[in-house]
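**Student:** Here the numbering used here is used: the sequence shown runs in plain steps of one and ends on residue 517.
Glycine residues also receive a C-beta, built at the ideal position from the N, C-alpha and C atoms.
Mind having a look at this structure? Questions to follow.
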Amino acid sequence: QFPFGRRLPCDIYWHGVSFHDSNIFSGQVNKFPGMTETVRKITLSRAMRTMRDLFPLEYNFYPRSWILPEELPLFVAEVRTMKDSNPSWKPTFIVKPDGGCQGDGIYLIKDPSDIRLTGSIQSRPAVVQEYICKPLLVDKLKFDIRLYVLLKSLEPLEIYIAKDGLSRFCTEPYQEPTLKNLHQVFMHLTNYSLNIHSGNFIHSASANTGSKRTFSSILCRLSSRGADVKKLWSDIISLVIKTIIALTPELKVYYQSDIPAGKPGPTCFQILGFDILLMKDLKPVLLEVNANPSMRIEHEQELSPGVFENVPSPVDEKVKVAVIRDTLRLVDPQKKKRKDTPLTLCVLCCRCQSPEQAPGASEEAPDAAPGPEAALPSLCLKQVFPKYARHFSYLRLVDRVAALFIRFLGVKGTTKLGPTGFRTFIRNCKLSNSNFSMAAVDILYIDITRRWNSMGIDHKESGMCLQAFVEAFFCLAQKKYKALPLHKQVLSLLELCECRLAALHGQRLVWGCG
Ligand code: ADP
4 QFPFGRRLPC DIYWHGVSFH DSNIFSGQVN KFPGMTETVR KITLSRAMRT
54 MRDLFPLEYN FYPRSWILPE ELPLFVAEVR TMKDSNPSWK PTFIVKPDGG
104 CQGDGIYLIK DPSDIRLTGS IQSRPAVVQE YICKPLLVDK LKFDIRLYVL
154 LKSLEPLEIY IAKDGLSRFC TEPYQEPTLK NLHQVFMHLT NYSLNIHSGN
204 FIHSASANTG SKRTFSSILC RLSSRGADVK KLWSDIISLV IKTIIALTPE
254 LKVYYQSDIP AGKPGPTCFQ ILGFDILLMK DLKPVLLEVN ANPSMRIEHE
304 QELSPGVFEN VPSPVDEKVK VAVIRDTLRL VDPQKKKRKD TPLTLCVLCC
354 RCQSPEQAPG ASEEAPDAAP GPEAALPSLC LKQVFPKYAR HFSYLRLVDR
404 VAALFIRFLG VKGTTKLGPT GFRTFIRNCK LSNSNFSMAA VDILYIDITR
454 RWNSMGIDHK ESGMCLQAFV EAFFCLAQKK YKALPLHKQV LSLLELCECR
504 LAALHGQRLV WGCG
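Next comes the structure, spelled out in C-alpha cells:
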C-alpha cells in the first residue's frame, strides 16, 4: 500500500473501486475502464436485450426488462397484450433503481399502474423486470447465488469461474407474491445487507447451515435429492459466458478510449460478482453483475445494544480468500522468475482512492517471493473461455460491430462517433446507393443519435454511442437483407463490411508501395 505516492512501476495494481489512474504505463490493473458503467442495471438490460433480439433462445436466462421512464408506455402496452392473450397470467414485476445496490429502492408491483412515478423514477431511472415467482427453495426459504468470475483478459477473451460461491438466504419463509406480502423484503429479497437486520438472520460457522452458506453445500443437498448437478453447472457456465459476451463490446470501447492501442499502458483483469437465482426447475436466471463485489471476510455482530464488533465469517473466508489468492496466481507475471524477482503490488484503497501504506512497510514486500506452486491448494478458478469457445463464438456478432465502431472513432480517447466518422464508415463500406443517399445516412445518424443522447446517462461527450451505432447497424442490415432472421441479416452485413474494408486496406497498401 502506497500512502505517499508510488515511485516505482508495479507488476499488479489492486484498486478498490475503479480503473481511474492515468499514471500507469505497464503491469496489470485489477479493474477494467468502464466496467462499473457497463454493468449498471440499465446498461446491462440494454446489452441483454440486444443479444436477445439476435439470439432469443440463447438469451432467455435474463428476465424480460423495461427501462423507466422512457419505456413505460412500451411496458404498459406489452403487459396488456400478454394479459389479453393469456387472461390467466397473473404476473409480478420488480422495480429496481439504476445504479442502486443492496436492495436499495427496490419494490414489487402487480400492475404497471403501480409504478411510483412521483419523485424517484423521474429523477432516478430504473429497470422494471419480470419477477421470478417460483424460485427454488431450500428450507422453505428463497436464496440466490453469488458466483465469482475472473475476466482475465478482454482480447483475447479469457474467463474463469470460481468453483464455489455463496448462497444468501431470505429470513422469512417464501410465499408466491400476493398483494398482501409484496412489501415483505425478508421474504422476497435475498440481499445480505437487508436480511442481516431481520431477527431471524442466522450467523453460522458451518458452510451448510445459517443465512449465508457455500454454494457447494447447496449442490450437495440438491445432488442427494437426485438433481442433475452437472447439468446445473453447465447451464451456469453457459450463462456466465453469454453474459460476458454481451458485455465485451462496450468494454472494448472504454478500453481503447483509456488505453489506446499501440501506446504503453497496463493490461486489465477484474473479479466480477454474478448474482444468480435458481428457478424451481433448476434453470439459472441472471439477476445482476457486480463490478465491485464485497470481499469482506468478517461481519458485524451486536454484542450488546448499540455495541458492534467485527467477527470473522468462516463461510466468506473460505470462498473469497481462495478467489483472491488464485486470481493473483493466475495474473502473476513473474511466475517463472518468481524466485529471483519479488512481486511488487500497489493497492489503492476504496475510501480515499489514494495510495495507502501501512506504517513502516517498504515498497517491496521483503518476503514477497512465495513458496513453490506445489505448496498451494489446487486452483479454485476454472477456465471456461477460451476452453468452450467453439460453442459460443457464433454469438460474438456485436463484438464485430464494436470493432467497426472503434475503427471509425478516429481520434483516440473518445467513446462516441461523430457524423464524419459515421459517413466515412458508410463510404468505406460502400453502403450508400441510389436508394440510400448520403443525405439519408445523415438523417439516420441524427435520428438515432438524438434519441440515444436524450435518454443517455452519459452526457459528457456528444456523438453516437456504441449502442446507437449497433441500432443503426441493425437498421442497415434489415434494409439490405429483408427476408433473413435478424442475426443472419447482421452477419451478412458484417461480412460485407469486413470484406470491403479488407479490400480497401489492401488497395491502400498497394498504393503505399507504389
Ligand atoms: P441490488 O443491486 O439492489 O441488490 P438486485 O438486482 O440484486 O439489486 O436485486 C435485489 C434482490 O431482489 C435479489 O438479490 C433477489 O433476491 C431479488 N430479485 C431481483 N430481481 C429479481 C427477479 N427478477 N425475480 C425475483 N427476484 C428478484
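Along the beta strand (DSSP E) that carries Ala165, what are the first and last residues, could you check?
**Tutor:** Reading the sequence shown from its first residue, position 162 is the one you call residue 165. Here the beta strand (DSSP E) through Ala165 covers Glu161 to Ala165.
**Student:** Keeping to the same chain, check which residues put their C-beta closer than 6 angstroms to that of Lys34; ignore five residues upstream and five downstream.
**Tutor:** Position 31 of the sequence shown, counted from the first residue, corresponds to residue 34. If we look at Lys34 and ignore the five residues flanking it on each side, its Cβ neighbours are His18, Ser21, Phe22 and Gln273.
**Student:** Please classify Ser316 as buried or exposed, where buried requires at least 16 neighbouring CB atoms within 10 angstroms.
**Tutor:** Numbered from 1 along the sequence shown, position 313 holds the residue referred to as residue 316. Label assigned to Ser316: buried.
**Student:** Does Phe28 pass the burial test, meaning 16 or more other C-beta atoms within 10 Å, or should it be called exposed?
**Tutor:** Counting from one through the sequence shown, the residue named residue 28 turns up at place 25. The residue in question, Phe28, is exposed, as its Cβ has fewer than 16 Cβ neighbours within 10 Å.
**Student:** Taking the DSSP output, what are the residues bridged to Gln31?
**Tutor:** Taking the first residue of the sequence shown as position 1, residue 31 is located at position 28. Paired residue(s): Ile15 and Thr270.
**Student:** So what does DSSP say about Glu367, is it helix, strand or coil?
**Tutor:** The residue you call residue 367 lines up with position 364 of the sequence shown. Annotation note: pLDDT 37 at Glu367 (below 50); position unreliable, coordinate value reported separately. Here Glu367 sits in coil by DSSP.
**Student:** Per DSSP, what kind of secondary structure is His302 in: helix, strand or coil?
**Tutor:** Here residue 302 refers to the residue found at position 299 of the sequence shown. Residue state, collapsed to three classes: strand.
**Student:** When you compare only the Cα positions, how much space is there between Phe218 and Trp455?
**Tutor:** Here residue 218 refers to the residue found at position 215 when the sequence shown is read from its first residue. Here residue 455 refers to the residue found at position 452 when the sequence shown is read from its first residue. Those two C-alpha atoms are separated by around 40 angstroms.
**Student:** Please report the Cβ distance between Glu175 and Phe189, rounded to the nearest whole angstrom; I am assuming they are in contact, meaning their Cβ atoms lie under 8 angstroms.
**Tutor:** Sequence index remark: in the sequence shown, residue 175 carries index 172 (1-based). Sequence index remark: in the sequence shown, residue 189 carries index 186 (1-based). At roughly 4 angstroms, the Cβ-Cβ gap stays under 8 angstroms, so Glu175 and Phe189 are in contact.
**Student:** Please classify Arg69: is it buried, with 16 or more other beta-carbons within 10 angstroms of its beta-carbon, or exposed?
**Tutor:** Within the sequence shown, the letter at position 66 stands for residue 69. It is Trp, not Arg, that sits at residue 69 in the sequence shown. Its Cβ being crowded by 16 or more others within 10 Å, Trp69 is buried.
**Student:** Whose C-beta lies closer than 6 angstroms to the C-beta of Asn203 among residues of the same chain, with five residues either side of it excluded?
**Tutor:** Taking the sequence shown and counting its residues from 1, one reaches residue 203 at position 200. Excluding sequence neighbours, Asn203 sits near Thr174.
**Student:** According to the Cβ coordinates, are Glu61 and Leu398 closer than 8 angstroms?
**Tutor:** Along the sequence shown, one-based indexing puts residue 61 at 58. Along the sequence shown, one-based indexing puts residue 398 at 395. Cβ atoms of Glu61 and Leu398: closer than 8 angstroms.
**Student:** Looking at the secondary structure, which residues open and close the alpha helix (DSSP H) in which Trp236 lies?
**Tutor:** The residue labelled residue 236 in the question sits at position 233 within the sequence shown. Looking at the DSSP string, the run of the alpha helix (DSSP H) that includes Trp236 is Val232 to Asp261.
**Student:** Cβ of Leu153 within 8 angstroms of Cβ of Tyr163?
**Tutor:** To locate residue 153, count along the sequence shown from 1; it is residue 150. To locate residue 163, count along the sequence shown from 1; it is residue 160. Going by C-beta atoms, Leu153 is nearer than 8 angstroms to Tyr163.
**Student:** With respect to the beta strand (DSSP E) encompassing Glu474, which residues constitute its N-terminal and C-terminal limits?
**Tutor:** For the purposes of this step, residue 474 is taken as the residue at position 471 of the sequence shown. First-last for Glu474: Leu469 to Lys483, but that is the alpha helix (DSSP H), not the beta strand (DSSP E).
**Student:** So, do the region 72-85 and the region 288-299 have three or more beta carbon pairs nearer to each other than 8 angstroms?
**Tutor:** With a cut-off of 8 angstroms, the region 288-299 and the region 72-85 do not count as touching, because too few Cβ pairs lie within range.
**Student:** May I ask you to list the residues that DSSP assigns as paired with Ser307?
**Tutor:** Against the sequence shown, residue 307 aligns to sequence position 304. Val310.
**Student:** From the DSSP secondary-structure annotation, give me the bridge partner or partners of Tyr151.
**Tutor:** By one-based count along the sequence shown, residue 151 stands at place 148. Tyr151 pairs with Gly276.
**Student:** Beta strand (DSSP E) containing Tyr110: first to last residue?
**Tutor:** As a working note, residue 110 is residue 107 in the sequence shown. Here the beta strand (DSSP E) through Tyr110 covers Tyr110 to Ile112.
**Student:** Quick one: is the Cβ of Cys500 within less than 7 angstroms of any heavy atom of the ligand COA?
**Tutor:** Annotation note on the ligand COA: not contained in the displayed structure, which lists the ligand ADP as its ligands.
**Student:** Using a Cβ-Cβ distance under 8 angstroms, would Gly202 count as near chain C?
**Tutor:** Chain labels in this structure do not include chain C; a single protein chain is all it has.
**Student:** Here's the rule I'm using: 16 or more other beta-carbon atoms within 10 Å means buried, otherwise exposed. How should Arg10 be labelled?
**Tutor:** In the sequence shown, residue 10 corresponds to position 7, counting from 1. The residue in question, Arg10, is exposed, as its Cβ has fewer than 16 Cβ neighbours within 10 Å.
**Student:** So is His508 buried or exposed if we call it buried at 16+ other beta carbons inside 10 Å?
**Tutor:** As a first step, residue 508 must be located in the sequence shown, where it is residue number 505. Flag for His508 reads exposed.
**Student:** Here's a check: name, in chain order, each residue in its chain whose Cβ is nearer than 7 angstroms to the Cβ of Gln470, leaving out the five neighbours to either side.
**Tutor:** Walking along the sequence shown from the start, residue 470 turns up at place 467. These residues qualify, in order along the chain: Arg49 and Trp455.
**Student:** Could you tell me the boundaries of the beta strand (DSSP E) in which Arg216 lies?
**Tutor:** As a position in the sequence shown, residue 216 is number 213, starting the count at 1. Residues Lys215 to Thr217.
**Student:** Between the Cα of Thr181 and the Cα atoms of Val326, Pro380, Phe477 and Ile112, which residue gives the shortest distance?
**Tutor:** Taking the first residue of the sequence shown as position 1, residue 181 is located at position 178. Checking every option, the nearest Cα to that of Thr181 belongs to Ile112.
**Student:** Over what stretch of residues does the beta strand (DSSP E) that includes Leu169 continue unbroken?
**Tutor:** Translated into the one-based positions of the sequence shown, residue 169 becomes position 166. Start and end: Leu169 to Phe172.
**Student:** With distances taken between CB atoms, is the gap from Val42 to Ala294 smaller than 8 angstroms?
**Tutor:** Against the sequence shown, residue 42 aligns to sequence position 39. Against the sequence shown, residue 294 aligns to sequence position 291. For Val42 and Ala294, yes; Cβs fall inside 8 angstroms.
**Student:** Which whole-angstrom value is the C-beta distance of Leu275 and Pro296, which I expect to be below 8 angstroms?
**Tutor:** Here the question's residue 275 lines up with position 272 in the sequence shown. Here the question's residue 296 lines up with position 293 in the sequence shown. Indeed they touch by this definition, with Cβ atoms about 7 angstroms apart.
**Student:** Would you kindly work out how many angstroms separate the C-alpha atoms of Leu420 and Gly229, rounded to a whole number?
**Tutor:** The residue you call residue 420 lines up with position 417 of the sequence shown. The residue you call residue 229 lines up with position 226 of the sequence shown. Cα to Cα, the separation comes out at about 54 angstroms.
**Student:** Rounded to whole angstroms, what is the Cα-Cα separation between Tyr110 and Leu494?
**Tutor:** For the purposes of this step, residue 110 is taken as residue 107 along the sequence shown, with counting starting at 1. For the purposes of this step, residue 494 is taken as residue 491 along the sequence shown, with counting starting at 1. Taking the straight line from one Cα to the other gives about 40 angstroms.
**Student:** From Phe425 to Thr418, what distance separates their C-alpha atoms?
**Tutor:** As a position in the sequence shown, residue 425 is number 422, starting the count at 1. As a position in the sequence shown, residue 418 is number 415, starting the count at 1. Approximately 13 angstroms, taken between the alpha carbons.
**Student:** Which residues in the same chain have their Cβ closer than 7 angstroms to the Cβ of Cys502, if we skip the five residues on either side of it in sequence?
**Tutor:** Here residue 502 corresponds to residue number 499 of the sequence shown, with the count starting at 1. Result list for Cys502: empty, nothing under 7 angstroms.
**Student:** Could you have a look at Phe408 and say whether DSSP puts it in helix, strand or coil?
**Tutor:** Indexing the sequence shown from 1 puts residue 408 at position 405. In the structure shown, Phe408 sits in a helix (DSSP, three-state: H, G or I).
**Student:** For Arg430, count neighbouring C-beta atoms within 10 Å of its own C-beta (all shown protein chains included) and say buried if the count is 16 or more, exposed if not.
**Tutor:** Locating residue 430 in the sequence shown gives position 427, where the first residue counts as 1. By the neighbour-count rule (16 or more Cβ atoms within 10 Å), Arg430 is not buried but exposed.
**Student:** Closer than 6 angstroms by C-beta to Ala364: which residues in its own chain qualify, once you throw out the five before and the five after it? Chain order, please.
**Tutor:** The count along the sequence shown starts at 1 and reaches residue 364 at position 361. Bear in mind that the predicted position of Ala364 carries a pLDDT of just 35, short of 50, making it too unreliable to give a figure here.
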